[in-house]
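Step one of this worksheet: look at the structure below.
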Amino acid sequence: MTDEVNAEVGTNPVDTLDNGDPQEADKAEIVPLMEKALNSEKALDALIATPGFNQAKQDKLRSAVGDLFRVG
1 MTDEVNAEVG TNPVDTLDNG DPQEADKAEI VPLMEKALNS EKALDALIAT PGFNQAKQDK
61 LRSAVGDLFR VG
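In case it helps, the UniProt record's numbering puts the sequence shown at residues 1 to 72.
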């Protein structure tokens, strides 16, 4: 029964960290993803600020970035 519950909620007690606490395991996976997202956002901000970009392209890129971060 425990295996069925774990399969249903997507946890695997063998792969958890911090004495089998699934929340700690999730945090360990989420933190690197959040750092990667922040680095991507910084890179996009730098691209938007590039002097050669015209205003229309900057606005379009800002809008697309905003949509991405609203979904995420």
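Ideal Cβ placement from N, Cα and C applies to all residues, glycine included.
All of these numbers come straight from a predicted model, not from anything done at the bench.
Nearest-angstrom Cα separation, counted from residue j out to residue i
i	j	result
Leu-44	Ala-37	10 Å
Gln-23	Gly-52	45 Å
Asp-59	Val-65	10 Å
Pro-32	Ala-56	33 Å
Ala-28	Ala-46	28 Å
Asp-26	Asp-67	25 Å
Thr-50	Ile-30	30 Å
Same chain, Cβ closer than 8 Å to residue i, neighbours up to 5 away in sequence not counted
i	result
Arg-62	Ile-48
Per-residue DSSP class, three states only, for residue i
i	result
Pro-51	coil
Neighbourhood of residue i by C-beta distance below 7 Å, restricted to the same chain and skipping five residues each side
i	result
Leu-35	Here residue 35 is Glu; the residue named in the question, Leu, does not match the sequence. Correct list: empty, nothing qualifies.
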